[in-house]
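Quick note on the working numbering: the sequence shown kicks off at 250 and runs consecutively.
Note that beta-carbon positions come from the ideal geometry of N, C-alpha and C, so glycine has one too.
In what follows, a structure is listed as structure tokens, so that the remarks can point back to it.
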Amino acid sequence: MVGASPYDQQMQTRALGTSGLTVSAVGLGCMPMSGVYGTTDVAEAQATLELAVNLGVTFWDTAEIYGAGANEDLIGQVLERHRDAVVIATKFGFDPDGTVAGRPENARAAIDGSLRRLRTDYVDLWYLHRVDPAVPIEETVGAMAEMVGAGKVRHLGLSEASAESLRRASTVHPIAALQSEWSLWTRDLEPEVLPVARELGIGIVPYCPLGRGLFTGKVADLAMLDGADYRRGGPRFSDENFEHNRALVRSVEEYAANIGCTPAQLAIAWVLAQGDDVVPIPGTKRRTYLAENAAAADVVMTPLQVTEVGGLMSGVAGARYAKVHSYGDSPSPAAAS
């Protein structure tokens with residue numbers, strides 16, 4: 250393990266369900282490093298990854314589709330220097346045109362590409378990025394399990410999967426983690442999916458716990474978003490919804506100020522407080538925000554505060570996604586959370 254940092258001893262760890270996979274309590278979503286939220290700065294991204302090791306934020310998340318492989322390649326250049334310190338998770342399940350692709354042959358080809366770009370001979374956690382409605386989940390997971398048997402993958406996961414898919418997949422191979430969007434403004438998985446995941450011993454990995462950056466308090470108006478920023482096409486950032494949602498976020502900012510943390514830290518701490526099997530992966534491409542996010546693990550919330558904060562984002566305007574196929578087979582994206 251890499252040492253020489255006071256935070257190395259302080260960063261908490263958590264077990265992902267009953268899988269035996271232990272990770273840092275706060276992970277790192279690496280998608281923003283490859284141009285999704287505006288321009289790419291490779292040097293800053295790699296410096297952010299190096300800092301993550303020193304801070305103990307050693308659960309990194311990527312996918313073959315991020316930057317058409319560029320994100321995995323960027324990470325691989327740093328990962329090979331710190332392989333024993335990092336738990337690396339990646340995802341597959343899309344064709345190059347963005348079509349969901351859970352075909353078994355796609356799984357077998359995808360893992361070899363990911364390993365090559367990541368410069369490693371195994372992946373700690375390998376997700377199906379989206380459930381393919383045209384392919385029985387048992388067939389896809391069966392092919393993924395072959396890669397476990399081959400030593401290329403340690404643990405399997407699903408992303409944005411329904412309760413039924415979790416149950417069916419688990420009959421083929423243990424599922425270590427479910428990665429789904431979960432935050433103060435996206436709570437769709439709570440009624441049906443979350444109880445089944447816990448029944449099956451599956452850990453929860455929430456992505457976008459910062460509301461795609463809105464809970465940072467640093468997106469005051471739409472003009473601040475780069476022209477290439479994909480949020481500009483999101484329903485919750487549309488002209489008719491943004492100001493309403495921004496007004497709700499101000500209440501989060503006020504609450505955070507009252508308890509002595511940043512709004513981003515409060516949003517992450519709220520997710521962490523949902524259970525010891527929950528490991529959020531806030532995404533960032535900058536060292537400053539990484540350090541802020543990591544410190545959220547030290548924010549202690551009382552049960553009353555968790556309840557109060559959970560009610561601050563009631564009435565969010567807009568669906569999560571503009572296109573249903575981007576969502577998976579978990580609860581409908583049409584309903585705002």
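Quiz prompt | Local conformation of Leu300 per DSSP, three classes | solution = If you number the sequence shown from 1, residue 300 lands on position 51. In this structure, Leu300 counts as helix in the three-state DSSP scheme.
Quiz item: Which runs of the beta strand (DSSP E), 3 residues or longer, sit entirely within the stretch 378-411?
Solution: 402-408
Practice problem: Measure the C-alpha to C-alpha separation of Ala545 and Tyr538 and round it to an integer number of angstroms. | Solution: In the sequence shown, residue 545 corresponds to position 296, counting from 1. In the sequence shown, residue 538 corresponds to position 289, counting from 1. Their Cα atoms are separated by approximately 11 angstroms.
Quiz item: To which residues of the same chain is Asp344 closer than 6 angstroms at the C-beta, ignoring the five residues directly before and after it?
Solution: Locating residue 344 in the sequence shown gives position 95, counting from the first residue. Contacts found: Ala350.
Exercise. Determine the burial state of Gly342: buried for a count of at least 16 other Cβ atoms within 10 Å of its Cβ, exposed for fewer.
Key: Sequence index remark: in the sequence shown, residue 342 carries index 93 (1-based). Label assigned to Gly342: buried.
Quiz item: For His331, which of Tyr315, Thr339, Val306, Asn320 has the nearest alpha-carbon?
Solution: Within the sequence shown, numbered from 1, the residue matching residue 331 stands at position 82. When each option's Cα is compared against that of His331, the closest is Val306.
Quiz prompt | alpha helix (DSSP H) runs wholly inside the stretch 305-346, at least 4 long, in chain order | solution = 319-328
Quiz item: For Ala350, does the three-state DSSP call read helix, strand or coil?
Solution: Counting from 1 along the sequence shown, the entry for residue 350 is found at position 101. The answer is coil: DSSP assigns Ala350 none of H, G, I, E or B.
Self-check item: Whole-number beta carbon distance between Val445 and Arg417, since they are thought to touch under 8 angstroms
Solution: Along the sequence shown, one-based indexing puts residue 417 at 168. Along the sequence shown, one-based indexing puts residue 445 at 196. Wrong, their Cβ atoms sit about 11 angstroms apart, outside the cutoff.
Quiz item: The alpha helix (DSSP H) with Val442 in it runs from where to where?
Solution: Stepping through the sequence shown from its first residue, residue 442 is reached at position 193. Per DSSP, Val442 belongs to the alpha helix (DSSP H) from 442-448.
Quiz item: Whose CA, out of Ile314, Met282, Leu459, lies closest to the CA of Glu430?
Solution: Taking the sequence shown and counting its residues from 1, one reaches residue 430 at position 181. Closest by alpha carbon: Leu459.
Practice problem: Using the Cα positions of Ile360 and Arg366, report the straight-line distance between them to the nearest angstrom. | Solution: What you label residue 360 is simply residue 111 of the sequence shown in a count that begins at 1. What you label residue 366 is simply residue 117 of the sequence shown in a count that begins at 1. Taking the straight line from one Cα to the other gives about 10 angstroms.
Exercise. Could you tell me whether the stretch 332-340 touches the stretch 385-400, where touching means 3 or more Cβ pairs closer than 8 angstroms?
Key: no
Quiz item: DSSP state of Arg569, grouped into three classes?
Solution: Position 320 of the sequence shown, counting from 1, holds the residue named residue 569. Coil, per DSSP.
Practice problem: Report yes or no: do three or more beta-carbon pairs, one from the stretch 522-539 and one from the stretch 448-462, lie closer than 8 angstroms? | Solution: yes
Quiz item: What number of angstroms, rounded off, separates the C-alpha of Ala319 from the C-alpha of Leu553?
Solution: Counted from its first residue, the sequence shown places residue 319 at position 70. Counted from its first residue, the sequence shown places residue 553 at position 304. Looking at the two C-alpha atoms, the distance is approximately 43 angstroms.
Quiz prompt | Same chain only: Cβ atoms within 6 angstroms of Ala412, ignoring 5 sequence neighbours per side | solution = For the purposes of this step, residue 412 is taken as the residue at position 163 of the sequence shown. Correct list, in chain order: Glu441, Val442, Val445.
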